[in-house]
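In short: position in the sequence shown from 1, add 19, done, that's the working numbering.
Here's the structure, in structure tokens; my notes come after.
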Amino acid sequence: MRCSVDLRQRVVDFVRSGGSKAEAARRFKVGEASVYRWLKPGGVAYKRPGPRRSHKLDWEQLRRHVEAHPDRTQTERARHFQVSRH
Numbered sequence: 020m021r022c023s024v025d026l027r028q029r030v031v032d033f034v035r036s037g038g039s040k041a042e043a044a045r046r047f048k049v050g051e052a053s054v055y056r057w058l059k060p061g062g063v064a065y066k067r068p069g070p071r072r073s074h075k076l077d078w079e080q081l082r083r084h085v086e087a088h089p090d091r092t093q094t095e096r097a098r099h100f101q102v103s104r105h
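Here it is in structure tokens:
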């Protein structure tokens, strides 16, 4: 869950005024990892999610390939589409 910039700033101010990171996490009911992240330069500011990545495969192309070559293995399909199996 995303925390408000105001809460993030209060947590950072608490730690910078001498409070421990663990105490800040308990007091403000946030994860310790969040406290560490917010203390990094630019960590308090909300970062909008970046653009979504497109899929490596065109699902319609894959469907047509499976229909045309039902006996191919996953490894062969990966090689055909130049992607890894993982």
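No residue lacks a Cβ here, since even glycine has one placed at the ideal position from N, Cα and C.
Three-state class that DSSP yields for residue i in the structure shown
i, result
"Y55", "helix"
"V102", "coil"
"R11", "Residue 11 lies beyond the range of the chain shown here (20 to 105); nothing can be said about it."
"R35", "helix"
Close-in-space but distant-in-sequence residues of the same chain around residue i (CB under 8 Å, 5 per side omitted)
i, result
"R21", "Y65"
"H99", "H84 and R91"
"V63", "V24, R27, Q28, V31 and W57"
Proximal residues to residue i (C-beta, below 6 Å), its chain only, five neighbours per side dropped
i, result
"Q93", "R104"
"F33", "A43"
7 Å CB neighbourhood of residue i in its chain, flanking five on each side removed
i, result
"A41", "E51"
Notebook entry, point to check: How do the stretch 73–89 and the stretch 43–58 stand: do at least 3 beta-carbon pairs fall below 8 Å, yes or no?
Noted result: No, the stretch 73–89 is not in contact with the stretch 43–58.
Margin query: List, from N- to C-terminal side, the alpha helix (DSSP H) runs of 4 residues or more that fit wholly inside the stretch 42–98.
Written below: As for any alpha helix (DSSP H) of minimum length 4 sitting wholly inside the stretch 42–98, the runs are 51–58 and 78–87, ordered along the chain.
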